[in-house]
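Heads up: the structure comes next, in structure tokens.
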Amino acid sequence: MLFGALEAGGTKMVLAIGNENGEILDQMSIPTETPDITVPRIIEYFKDKNIEAIGVGSFGPVDLDRNSKTYGYITSTPKLPWVNYDIVGSIKKELQVPVGFDTDVNASALGEATWGTMKGLDSGIYITVGTGVGVGVLANGKLLHGMLHPEAGHVLISKHPDDHFEGVCPYHPNCLEALATGPSIEKRWGKKAIELADRNEVWELEAYYLAQGIVNYILTLSPHKIVLGGGVMHQEQLFPLIRQQVLKLMNGYINTEQMKDIDNYIVPASLNDDQGIMGCIQLAKLELQRQA
Ligand code: ADP
Ligand code: ZN
Numbered sequence: 093m094l095f096g097a098l099e100a101g102g103t104k105m106v107l108a109i110g111n112e113n114g115e116i117l118d119q120m121s122i123p124t125e126t127p128d129i130t131v132p133r134i135i136e137y138f139k140d141k142n143i144e145a146i147g148v149g150s151f152g153p154v155d156l157d158r159n160s161k162t163y164g165y166i167t168s169t170p171k172l173p174w175v176n177y178d179i180v181g182s183i184k185k186e187l188q189v190p191v192g193f194d195t196d197v198n199a200s201a202l203g204e205a206t207w208g209t210m211k212g213l214d215s216g217i218y219i220t221v222g223t224g225v226g227v228g229v230l231a232n233g234k235l236l237h238g239m240l241h242p243e244a245g246h247v248l249i250s251k252h253p254d255d256h257f258e259g260v261c262p263y264h265p266n267c268l269e270a271l272a273t274g275p276s277i278e279k280r281w282g283k284k285a286i287e288l289a290d291r292n293e294v295w296e297l298e299a300y301y302l303a304q305g306i307v308n309y310i311l312t313l314s315p316h317k318i319v320l321g322g323g324v325m326h327q328e329q330l331f332p333l334i335r336q337q338v339l340k341l342m343n344g345y346i347n348t349e350q351m352k353d354i355d356n357y358i359v360p361a362s363l364n365d366d367q368g369i370m371g372c373i374q375l376a377k378l379e380l381q382r383q384a
């Protein structure tokens, strides 16, 4: 059985065809321009591919409330041509198949929960640290929605006393996204993150911030596993620094088996950067089941 998968990002769209086992049979990407240009290209790719359903993991914010008139819309995004755009509706209209829909990070969480390092767990979180910081949440075996959906990249954190960088979030001077994204690192230190690989102070500070976010997520969501992906997390030296800092900040308060085995609790993404697109395949599969 074939499924379509669309990972809709702010800079590029990843399009793929996969099967029920999460195997990707074909994949391509196109730049994210305006809906007028980009959506017809998406339709063109998927039509005649014999897909039973399609799963869309989208940049947001998005409307995930099935009772809302604007369910399936991208809502108040800073990408202006996409504001209030009915992405689910326009795909469904042209392709005439069920369309599963969630945030890009929830899709990645689902990919890891279905085929990756969170397999078999009924709770866990997926954190991406890239152009932005985003968090997908699996709770009680389902992706967590709510009034909107988690926007946990914007949790407020304490600034390091020696860090005078103003941050990159237009809304909050001291949210995680302001201080810890790839662009924050580049702006603070004057070089691309990847070129700073051997500068310990860069990664110590990065871990100092990410650990604050993670402690808050542990305390509020109580996940069984924490998976970190995205471009910045390719700096593997971050993992021991983050784990150490999380233990320090938690100060023994949460003392579960998972916390004692923190090397297996806070872990890298496990699907070769395909967690997002594989999660979209699963979104498609779940939507087909739901409609059956
Ligand atoms: P996006 O968040 O746009 O989906 P990525 O997850 O690839 O895309 O994140 C892009 C960001 O990650 C950029 O700011 C880039 O500088 C940074 N980045 C990409 N690769 C690396 C790397 N190997 N080490 C450190 N930072 C990286
Ligand atoms: Zn913010």
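Just so we're aligned, residue 93 is where the sequence shown starts under the working numbering, counting upward by one. Glycine is no exception: its CB is placed at the ideal position from the N, C-alpha and C atoms.
1. Cα separation between Lys251 and Leu268?
2. Would the beta-carbon of Phe193 fall within 8 Å of that of Val260?
3. Would Glu115 and Met93 qualify as a contact pair, given that the criterion is a beta-carbon distance under 8 Å?
4. Enumerated in chain order, which unbroken segments of the beta strand (DSSP E) with a length of 3 residues or greater are wholly contained in the stretch 148-173?
5. Which runs of the alpha helix (DSSP H) at least 4 residues long sit entirely within the stretch 179-255? Give them in chain order.
6. Can you tell me whether His246 sits near the ligand ZN, meaning its C-beta is under 7 Å from at least one heavy atom of the ligand?
7. Give the range of the beta strand (DSSP E) segment to which Phe331 is assigned.
8. From Glu379 to Asp157, what distance separates their C-alpha atoms?
9. Tell me which residue opens and which closes the alpha helix (DSSP H) that Met351 is part of.
10. Identify every residue that forms a DSSP beta bridge with Leu320.
11. Sorry if obvious, but does the Cβ on Ile219 come closer than 7 Å to a heavy atom of the ligand ADP?
12. Considering only the beta carbon of each residue, do Ala272 and Leu302 sit closer than 8 Å?
13. Given this structure, state the Cα-to-Cα distance separating Gln336 from Ile354, to the nearest angstrom.
14. CA-CA distance, Thr126 and Val175?
15. Have a look at Gly208 and Asp365 and give me their C-alpha separation to the nearest angstrom.
16. Whose CA, out of Ile146, Asp128, Asn142, lies closest to the CA of Met370?
17. In this structure, how does DSSP classify Glu125 when only helix, strand and coil are distinguished?
18. Does DSSP put Ala289 in a helix, in a strand, or in coil?
19. Examine the ligand ZN and report whether any of its heavy atoms sits within less than 7 Å of the Cβ of His264.
20. For Cys267, verify whether its CB is less than 7 Å away from any heavy atom of the ligand ZN.
21. Does the pairing of the stretch 324-333 with the stretch 273-289 give three or more beta-carbon distances under 8 Å?
22. Helix, strand or coil: how does DSSP classify Cys267 here?
23. For Leu98, does the count of other Cβ atoms within 10 angstroms reach 16, so buried, or fall short, so exposed?
24. Can you check which of these residues, Leu187, Tyr177, Gly203, Gly181, is closest to Phe151 by C-alpha distance?
25. Would Leu320 pass as a contact of Ile219 if the rule is Cβ separation under 8 Å?
26. For Ala303, which three-state DSSP category applies?
27. Expressed to the nearest angstrom, what Euclidean distance is found between the alpha-carbon atoms of Val359 and Leu202?
28. Return the CA-CA distance between Ile332 and Lys161, expressed in angstroms with no decimal places.
29. Would DSSP call Gly102 helix, strand or coil?
30. Assign Ile129 to buried or exposed, taking buried as 16 or more other Cβ atoms, counted over all protein chains shown, within 10 Å of its Cβ.
A quick look at the data gives this:
1. Between Lys251 and Leu268, the alpha-carbon positions lie close to 10 Å from each other.
2. no
3. no
4. List check, beta strand (DSSP E) in window: nothing returned.
5. 179-187, 196-207
6. yes
7. It is not in any beta strand (DSSP E) - Phe331 instead sits in the alpha helix (DSSP H) that spans 330-342.
8. Approximately 14 Å, taken between the alpha carbons.
9. Element bounds for Met351: 349-352.
10. Under DSSP, Leu320 forms a beta bridge with Ile219, Pro360.
11. Incorrect: Ile219 has no Cβ contact closer than 7 Å to the ligand ADP.
12. yes
13. 9 Å
14. 10 Å
15. Rounded to the nearest whole angstrom, the CA to CA distance from Gly208 to Asp365 is 11 Å.
16. Ile146
17. coil
18. Coil at Ala289, not helix or strand.
19. Under cutoff, so the answer is yes.
20. Cys267 Cβ: within cutoff of the ligand ZN.
21. Yes, they touch.
22. Cys267 falls in the strand class under three-state DSSP.
23. buried
24. Tyr177
25. yes
26. helix
27. 16 Å
28. Ile is not the amino acid found at residue 332; the sequence shown has Pro there. The straight-line gap from Cα to Cα measures roughly 46 Å.
29. coil
30. exposed
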